[in-house]
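I have placed the structure first, in the form of structure tokens, so that the comments after it can refer back to it.
2 protein chains.
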Amino acid sequence: MNSQPVASRLDNLFRPRSVAIFGASDDATRISGRPLRYLLEGGFAGPIYPINPKRDTVQGVKSYASLADVPEVPDVALVAVPAALTEQALRDCVAKGVSAAVIFSAGYAESGDEGRAIQQKLVDIAKAGGLRLLGPNCLGLFNPQIGFYGTFTQSLDKEMPSAGPLGIVSQSGAYGSHIAYLARQKGLGINYWITTGNESDIDVAECLEWMAVQDDIKVIMAYVEGVRDGQRFRRALELARQNRKPIVMMKVGRSEIGAKAASSHTASLAGSDAIYDALFRQYGVHRADTTSEQINVAYACTRGIFPEHNKLGVVTLSGGAGVLISDAAERFGLDVAPMPDAAQEVLRELLPFATVTNPVDTTAQALNEMSLLARNIEVMLDQGGYDALLGFFSTVPNTRTLSGPLRGAIEKGCERFPDRLIALEMVAAPEVVRAYEDAGFLVFEDASDAVASLGALARFGKAFREGGVTRPVPQAVPISVAALSEHAAKQLLSKAGVPFLDERLAGSADDAGTAADAIGYPVVMKIVSPQIEHKTEIGGVILGVADRAAVEAAYVTLIERAAHHCPDATIEGVLVAPMAGKGIEVIIGVSRDPVFGPAVMFGLGGVHVEVLKDVTFRLAPFDREEAHRMIDQIRGRALLSGVRGAPPADVDALADLLVNISNFAAAHRDDIETIDLNPVIARAKGEGVIALDALVVPRSVAE
Amino acid sequence: MNSQPVASRLDNLFRPRSVAIFGASDDATRISGRPLRYLLEGGFAGPIYPINPKRDTVQGVKSYASLADVPEVPDVALVAVPAALTEQALRDCVAKGVSAAVIFSAGYAESGDEGRAIQQKLVDIAKAGGLRLLGPNCLGLFNPQIGFYGTFTQSLDKEMPSAGPLGIVSQSGAYGSHIAYLARQKGLGINYWITTGNESDIDVAECLEWMAVQDDIKVIMAYVEGVRDGQRFRRALELARQNRKPIVMMKVGRSEIGAKAASSHTASLAGSDAIYDALFRQYGVHRADTTSEQINVAYACTRGIFPEHNKLGVVTLSGGAGVLISDAAERFGLDVAPMPDAAQEVLRELLPFATVTNPVDTTAQALNEMSLLARNIEVMLDQGGYDALLGFFSTVPNTRTLSGPLRGAIEKGCERFPDRLIALEMVAAPEVVRAYEDAGFLVFEDASDAVASLGALARFGKAFREGGVTRPVPQAVPISVAALSEHAAKQLLSKAGVPFLDERLAGSADDAGTAADAIGYPVVMKIVSPQIEHKTEIGGVILGVADRAAVEAAYVTLIERAAHHCPDATIEGVLVAPMAGKGIEVIIGVSRDPVFGPAVMFGLGGVHVEVLKDVTFRLAPFDREEAHRMIDQIRGRALLSGVRGAPPADVDALADLLVNISNFAAAHRDDIETIDLNPVIARAKGEGVIALDALVVPRSVAE
């Protein structure tokens with residue numbers, strides 16, 4: 001059934017033409033009575049078929065003894081019967097040819113093994129019969145555009161939602177209801193709302209995918225606790241980005257990982273919250289820290305303007321607010337760039353008392369002559385090159401005499417610039433706020449919230465502009481399923497574009513001498529064995545070997561040490577390599593997240609990874625731009641730019657290496673568990689990077 | 001006049017028994033008419049004396065031709081006349097013996113040199129006559145308890161403020177009005193509100209000091225752009241802390257300093273925002289990032305409960321909210337500690353479906369039997385040991401049938417624990433919220449805001465418990481006013497308790513040899529001259545000198561190099577010192593902030609300070625506990641605990657060194673500009689710390 005294009009696969013569920021309700025109750029206050037009540041109150045456009053063998057009508061609607069008696073095939077069945085009767089209901093749905101069933105009741109997989117088995121049975125029945133399942137243990141879904149309420153959520157008791165630009169997907173029914181209510185309070189309508197509960201079939205990823213292609217959604221709000229199908233989830237995020245649908249995400253569970261992330265080893269971070277962070281960063285998803293942030297950012301998205309750049313113009317009636325906003329702008333990545341000199345001159349003539357750089361502080365004077373304020377705003381938008389303008393007006397819009405004229409002045413100042421984001425800070429009565437909103441402005445009570453939201457819009461703009469990250473997964477090369485020695489790992493990774501030193505494997509002391517002669521002195525020598533992972537611990541590495549005689553002696557020493565410490569190890573020989581040269585140590589790793597597949601880690605060497613946890617992740621594969629963003633994200637970035645007289649490092653080569661390793665990791669997503677390149681030496685610009693050591697753990701070995 | 005105790009010095013200003021108004025206008029909408037209108041509307045308890053030579057009455061109140069005609073000495077005069085007449089008004093106030101005058105008009109120091117001169121004249125008149133001045137360029141002050149409105153702020157136009165537990169001090173009139181309005185909207189009354197404008201006399205510090213001793217203030221909100229008298233400001237913060245008056249501060253200007261802080265040199269951070277951060281940390285002031293945070297935290301403070309510890313109990317109707325709250329708790333330093341096993345057992349019997357660790361997820365089931373919810377809360381408070389409890393109830397309190405019973409259940413559960421903080425998340429109509437608040441609960445619409453505020457209360461509790469930081473300033477030792485050589489600097493700092501190596505100053509090659517014999521080989525040798533600051537640059541340091549012959553030769557080499565590179569330098573000799581030994585490099589610095597005096601900086605050596613800016617500051621002097629907090633605050637703290645097999649460093653000795661240097665810096669606040677101890681080697685626990693180099697720049701040299 002999943003062969004249908006995503007654009008239509010869930011259409012019957014979200015936009016049913018007819019609805020059956022198993023166990024519909026005449027008591028409209030009960031869980032089993034509420035969906036019918038909401039459908040009736042909401043004025044559902046199509047026929048409703050209550051299935052209730054005990055009654056002729058339910059809440060005044062003709063009811064049927066069984067689904068078989070219903071005169072047509074309903075698109076959706078709401079299943080509000082006890083668990084014991086659910087199985088039969090689904091069989092009836094399959095027999096009738098219903099598209100999708102919504103199961104409200106709890107007591108399935110979330111309650112333990114027994115429940116899981118019962119749930120699996122339902123899934124088997126549905127799958128075999130081509131029936132899609134929402135739930136169980138969910139609050140259902142609604143679509144106010146057609147009055148479809150397939151839900152029993154109590155939060156509709158007081159007031160029905162209105163249609164509007166939001167799509168909401170939530171794994172938690174309670175949180176979904178919560179943000180739906182808050183959105184309504186903020187004046188935001190919802191076109192589609194769905195809660196996925198146990199996700200026995202339909203999951204958050206598929207819902208996101210469906211919403212990503214709906215023209216009547218401007219922004220998607222999501223609540224996620226965990227994702228099962230990482231590939232589909234990534235596909236959904238990518239689709240949303242391609243379609244310029246901002247996703248404002250509440251992903252909970254950060255703190256659990258606070259502890260896990262304390263371990264610096266790449267592998268231990270698999271499946272962690274850090275991977276979600278990487279994912280959201282890569283796909284341009286806004287991750288909200290708080291519910292009010294989630295609502296505010298979604299609200300700001302409904303304008304549908306995602307600016308090209310991050311320049312913010314600020315106009316205030318008081319200097320203090322301007323400083324506060326400048327502080328917030330720095331925090332949220334917006335540039336309060338000064339007005340050009342000529343434009344400042346114009347403003348200075350308009351308002352001699354004003355501060356005219358940016359923030360522009362008109363002082364309360366501007367209120368005495370609103371046309372000056374209008375002109376001021378116009379000049380800022382015209383000559384300042386600002387993508388967004390934020391005005392701080394405190395309680396002025398709430399004063400009867402000034403509210404209208406102020407709004408008029410701002411409208412006048414903005415009228416030639418419908419493409420710009422205009423946000424206003426004000427503390428005013430709801431009806432005043434609505435009037436400003438109807439005039440096209442975003443309104444915030446807190447200036448920092450306004451700045452944070454504008455910052456999010458600028459980041460969406462950047463993500464939409466930068467385009468897709470989903471890249472063709474490169475061809476895999478055949479790799480060993482057994483443990484790999486350092487030498488074998490390096491040979492494998494060399495082909496993938498990882499630069500190593502000119503190393504030679506020597507099988508005898510004489511071989512080693514010949515190799516060293518060719519490489520040039522001094523050389524480094526290392527024992528090679530798949531069983532010896534930590535060579536330095538057994539004295540398996542000798543540095544700075546200065547001439548042929550010393551090389552031959554070192555060969556013998558290394559073989560002896562290996563035989564002594566690891567008598568059972570297979571010795572492949574001794575590596576002879578040149579000294580690494582100068583540069584900055586970095587670490588690159590790959591670990592396999594069980595949900596999202598291989599993630600690439602990058603950090604500076606030494607204490608930076610181990611103590612300061614100054615690392616960053618991206619899911620493989622990614623491109624050069626993403627690799628550069630990765631490099632730029634670490635706190636110690638300045639070290640790569642050259643400090644204390646050191647030359648800048650070759651970050652371009654470093655980015656290439658990250659891309660190559662990400663391609664390799666993606667190609668081998670199923671057969672490699674971890675890769676460690678530690679250290680990698682980033683040499684001076686133009687001189688490239690060199691990986692000194694490589695460890696590859698195939699999945700077969702790790703398991 | 002400042003000899004009065006702070007408790008009473010501003011009493012007449014904040015609680016006047018009578019008020020005169022220069023330039024009082026009959027037109028109640030004008031700036032000069034509004035104060036009288038507000039006084040009349042507010043029902044000011046004492047006599048009001050309008051001074052207006054052109055009229056017999058103003059807004060129906062008998063007016064006087066001059067202040068001299070007024071039959072008593074008014075406590076306060078409001079000066080609402082043009083700048084040209086202000087001087088005479090102040091002379092009249094002095095002649096009459098008025099305590100304080102409030103000057104509203106602008107055009108003084110804030111407008112340039114001319115204005116500054118005029119302002120100075122006003123100050124001179126007032127000072128000579130014992131008259132205190134508020135302003136100019138301010139919005140005045142108010143005290144709703146006695147209906148005193150010495151302000152023309154437009155924000156009172158719609159509604160007069162009510163009295164209550166807040167004190168508000170703001171350097172900005174507009175911001176002061178803004179937060180007063182927001183506070184009122186949040187249901188918070190204000191007992192004292194004052195804006196200080198140009199601070200020609202009364203400044204934010206004196207107002208804070210006054211508020212810190214008022215019994216009828218529970219929390220002080222402040223807005224500060226900059227502080228002129230650092231000592232008084234510190235005294236005010238300390239007084240507030242001693243009196244357990246929380247200060248919730250908006251200090252703007254963080255971003256300006258973003259740029260300045262990028263420079264790692266300690267001296268360049270003087271006067272910077274980092275110093276304010278240090279100050280607020282030391283004195284337990286809550287620094288808010290956003291206005292809504294400032295309001296929320298102040299609101300939470302009005303309960304007057306500042307918990308001993310940071311354990312948070314969480315009860316929700318949905319699992320998702322619990323995870324979200326746990327994430328926030330980690331962010332804001334609260335411990336969502338699990339319930340003891342026995343208590344979990346009790347809860348499990350009460351609510352079989354619930355998750356009973358903490359967060360306790362009762363599921364919506366609890367709403368069916370409210371007594372279970374009550375008992376649940378009671379068990380958590382009784383056996384969980386939580387300082388604060390946060391309940392997440394979303395829209396339930398807004399449902400007519402459940403709101404009352406829910407409130408009753410929570411009240412019942414909490415009734416035996418009046419000392420605990422109970423915060424509730426809910427989305428409900430204002431009247432519902434008020435009913436919950438009246439029952440003693442803190443109510444927040446956003447769960448993260450609730451957690452952030454509870455976190456702030458816990459930090460206040462800790463700060464109040466830890467007690468004062470103001471310590472006696474130690475006795476200064478006489479120091480040179482000329483530039484100090486490394487040797488002289490070390491001698492000076494040695495007396496102050498800074499440990500250095502056993503170094504000896506040698507005046508000849510033979511001297512050097514004798515010194516090295518006594519110290520033991522190998523030794524380090526350094527040229528000593530007050531004119532040579534950067535010794536390594538001229539080859540003035542030789543490491544690892546192995547025997548007597550080498551020492552004598554090195555002596556000659558160093559003297560020759562100094563003579564060659566710095567022919568005019570005074571050479572005091574050559575230092576002979578033992579090798580430093582192993583340990584972790586740290587940097588300690590002192591810089592003199594022009595406002596707050598000496599600040600001590602601490603960071604790890606090398607890239608940690610220069611690249612990662614991983615440094616922390618405290619104002620001198622401070623005690624051992626503060627020094628430990630300082631050490632614990634840096635991101636690289638784990639390095640001092642021993643990583644990669646290194647032993648833990650002697651952080652106790654490090655803390656002692658920080659305390660000693662802070663005492664020394666405080667004693668010499670007026671004669672030392674900067675001190676650099678770089679590097680300091682923190683040896684293994686029990687082995688102490690050693691400063692290897694010292695640079696002291698006296699102020700006389702720096703200027």
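Line by line, the protein sequences are chains A and B. Residue numbers for the first sequence follow the UniProt record's numbering, so the first one is 1 and each next one is one higher. Residue numbers for the second sequence follow the UniProt record's numbering, so the first one is 1 and each next one is one higher. All residues carry an ideal CB built from backbone N, CA and C; glycine is no exception.
Inside the UniProt domain "ATP-grasp" (490–526) of chain B only - alpha helix (DSSP H) runs reaching at least 4 residues:
509–519
Rounded to whole angstroms, what is the Cα-Cα separation between Phe280/A and Val396/A?
One-based indexing of the first sequence puts residue 280/A at position 280. One-based indexing of the first sequence puts residue 396/A at position 396. Taking the straight line from one Cα to the other gives about 39 angstroms.
Beta bridge counterpart(s) of Gly313/A as assigned by DSSP:
For the purposes of this step, residue 313/A is taken as residue 313 along the first sequence, with counting starting at 1. Leu389/A.
Which residues in the same chain as Ser641/A place their Cβ atom closer than 7 angstroms to its Cβ, once the five residues preceding and following it in sequence are excluded?
Locating residue 641/A in the first sequence gives position 641, counting from the first residue. Closer than 7 angstroms at the Cβ level, and outside the excluded window around Ser641/A, lie Pro648.
Is the segment 196–216 of chain B touching the segment 127–136 of chain B in the sense that three or more CB pairs, one from each, lie closer than 8 angstroms?
yes
Once the 5 residues before and after Val227/B are set aside, which same chain residues still bring their CB inside 6 angstroms of it?
As a first step, residue 227/B must be located in the second sequence, where it is residue number 227. Closer than 6 angstroms at Cβ, skipping near neighbours: Phe233 and Val595.
Would you grab the beta carbon distance between Leu166/B and Val252/B for me? Rounded to a whole angstrom, and I think it's under 8 angstroms.
Counting from one through the second sequence, the residue named residue 166/B turns up at place 166. Counting from one through the second sequence, the residue named residue 252/B turns up at place 252. Taking C-beta atoms under 8 angstroms as the contact rule, Leu166/B and Val252/B fail to qualify, at a distance of about 20 angstroms.
If you follow the beta strand (DSSP E) that Ile146/B is in, where does it begin and where does it stop?
Reading the second sequence from its first residue, position 146 is the one you call residue 146/B. Neither: Ile146/B is in no beta strand (DSSP E) and is coded neither H nor E.
Gln185/B: contacting residues in chain A (beta-carbon distance under 8 angstroms)
Looking up residue 185/B in the second sequence gives position 185. Here the neighbours are Val427.
With a cut-off of 8 angstroms, does the C-beta of Gly636/A fall near any C-beta of chain B?
Here the question's residue 636/A lines up with position 636 in the first sequence. Output row for Gly636/A: interface = yes.
Contacts around Ala259/B, its chain only, beta-carbon distance under 6 angstroms, and the 5 residues preceding and following it disregarded
Locating residue 259/B in the second sequence gives position 259, where the first residue counts as 1. Per-residue confidence for Ala259/B stands at a pLDDT of 36, beneath the threshold of 50, marking its modelled position as unreliable; no derived number is given.
Report the residues of the segment 599–628 of chain B with a CB closer than 7 angstroms to any CB of chain A, ordered along the chain.
Correct list: Val607, Glu610, Val611 and Leu612.
Would the beta-carbon of Val586/A fall within 8 angstroms of that of Gly573/A?
Counting from 1 along the first sequence, the entry for residue 586/A is found at position 586. Counting from 1 along the first sequence, the entry for residue 573/A is found at position 573. No, the Cβ-Cβ distance between Val586/A and Gly573/A is not below 8 angstroms.
Determine whether the Cβ of Thr291/A lies closer than 8 angstroms to any Cβ atom of chain B.
By one-based count along the first sequence, residue 291/A stands at place 291. So yes, Thr291/A belongs to the interface.
Considering only DSSP beta bridges, list what Trp193/B is partnered with.
Numbered from 1 along the second sequence, position 193 holds the residue referred to as residue 193/B. For Trp193/B, the pairing in a beta bridge is given by DSSP as Phe142/B and Ile168/B.
For Asn191/B, which residues in chain A fall below 7 angstroms Cβ to Cβ?
Residue mapping note: residue 191/B aligns to position 191 of the second sequence, counting from 1. Those within 7 angstroms of Asn191/B in chain A number zero; the least Cβ separation is about 21 angstroms.
Applying a beta-carbon distance threshold of less than 7 angstroms, which residues of chain B neighbour His565/A?
Here residue 565/A is taken as the residue at index 565 of the first sequence, counted from 1. The contacting residues do not exist; His565/A stays about 19 angstroms from chain B at best.
Does the distance from the C-beta atom of Arg459/A to that of His564/A stay below 8 angstroms?
Here the question's residue 459/A lines up with position 459 in the first sequence. Here the question's residue 564/A lines up with position 564 in the first sequence. Not in contact: Arg459/A and His564/A (Cβ atoms no closer than 8 angstroms).
Under 8 angstroms, with one C-beta from each stretch per pair, do the segment 229–248 of chain A and the segment 413–432 of chain A reach the 3-pair mark?
no
Could you round the C-beta distance between Asp614/A and Gly636/A to whole angstroms and report it? I think they count as a contact, below 8 angstroms.
Working through the first sequence from its first residue, we reach residue 614/A at position 614. Working through the first sequence from its first residue, we reach residue 636/A at position 636. Correct: roughly 5 angstroms between the Cβ atoms.
Any residues in the segment 148–171 of chain A with a beta carbon nearer than 9 angstroms to a beta carbon of chain B? Which ones, in chain order?
Gln154, Ser155, Asp157, Lys158, Ser170 and Gln171
Closer than 8 angstroms by C-beta to Arg699/A: which residues in its own chain qualify, once you throw out the five before and the five after it? Chain order, please.
As a first step, residue 699/A is located in the first sequence; it is residue number 699 there, counting from the start. Here the set comprises Arg592, Asp670, Asp671, Ile672 and Glu673.
Roughly how many angstroms separate the alpha carbons of Gln185/B and Val81/A, rounded to a whole number?
By 1-based counting over the second sequence, the position of residue 185/B is 185. By 1-based counting over the first sequence, the position of residue 81/A is 81. Gln185/B and Val81/A: Cα-Cα distance of roughly 47 angstroms.
For Val102/B, which of helix, strand or coil comes out of DSSP?
Walking along the second sequence from the start, residue 102/B turns up at place 102. Val102/B: strand per DSSP, three-state reduction.
Assign Ser318/B to one of two classes, buried (16 or more other C-beta atoms within 10 Å of its C-beta) or exposed (fewer than that).
For the purposes of this step, residue 318/B is taken as the residue at position 318 of the second sequence. The Cβ neighbour count for Ser318/B, taken over all protein chains shown within 10 Å, is at least 16; the residue is labelled buried.
Any heavy atom of the ligand NAP closer than 7 angstroms to the beta-carbon of Ser162/A?
Inclusion of the ligand NAP in the displayed structure is not the case, the ligand content being empty and no account of it being possible.
Taking C-beta pairs closer than 8 angstroms, name the residues in chain A that residue 712/B reaches, listed in chain order.
Nothing can be reported for residue 712/B, as the shown portion of chain B is limited to 1 through 703.
Which ranges does the beta strand (DSSP E) cover as unbroken runs of at least 3 residues, wholly within the segment 340–398 of chain A, from first to last along the chain?
388–392
Classify Arg132/A as helix, strand or coil using the three-state DSSP reduction.
Here residue 132/A corresponds to residue number 132 of the first sequence, with the count starting at 1. Three-state result, Arg132/A: strand.
Between Ser264/B and Ala117/B, what straight-line distance do the alpha-carbon atoms span, to the nearest angstrom?
Numbered from its first residue, the second sequence carries residue 264/B at position 264. Numbered from its first residue, the second sequence carries residue 117/B at position 117. For Ser264/B, the pLDDT reaches just 29, beneath the cut-off of 50, and the residue's location in the model is therefore unreliable, although a value from the coordinates is still provided. About 38 angstroms.
Closest Cα partner of Cys138/A within the set Ile31/A, Ala68/A, Tyr181/A and Ser162/A
As a position in the first sequence, residue 138/A is number 138, starting the count at 1. Comparing Cα-Cα distances from Cys138/A to each of Ile31/A, Ala68/A, Tyr181/A and Ser162/A, the minimum goes to Ile31/A.
Look at the alpha carbon of Ala109/A and the alpha carbon of Tyr192/B, and state the distance between them as a whole number of angstroms.
By 1-based counting over the first sequence, the position of residue 109/A is 109. By 1-based counting over the second sequence, the position of residue 192/B is 192. Computed Cα separation, rounded: 59 angstroms.
Please work out which residues of its chain come closer than 7 angstroms, Cβ to Cβ, to Leu90/A, disregarding the five sequence neighbours upstream and downstream, and give them in chain order.
The sequence position of residue 90/A within the first sequence is 90, counting from 1. Around Leu90/A: Ala101, Leu122, Ile125, Ala126 and Leu131.
Go through its chain and collect everything with a Cβ distance to Ser326/B's Cβ below 8 angstroms, but skip five positions before and after it.
By 1-based counting over the second sequence, the position of residue 326/B is 326. Val314, Val336 and Pro359.
For Ser8/A, count neighbouring Cβ atoms within 10 angstroms of its own Cβ and tell me buried if that reaches 16, exposed if not.
The sequence position of residue 8/A within the first sequence is 8, counting from 1. Classification of Ser8/A: exposed, given that the 10 Å Cβ count is below 16.
Whole-angstrom distance between Ala580/A and Val545/A, CA atom to CA atom:
Position 545 of the first sequence, counted from the start, is the residue given in the question as residue 545/A. Position 580 of the first sequence, counted from the start, is the residue given in the question as residue 580/A. Their Cα atoms are separated by approximately 13 angstroms.
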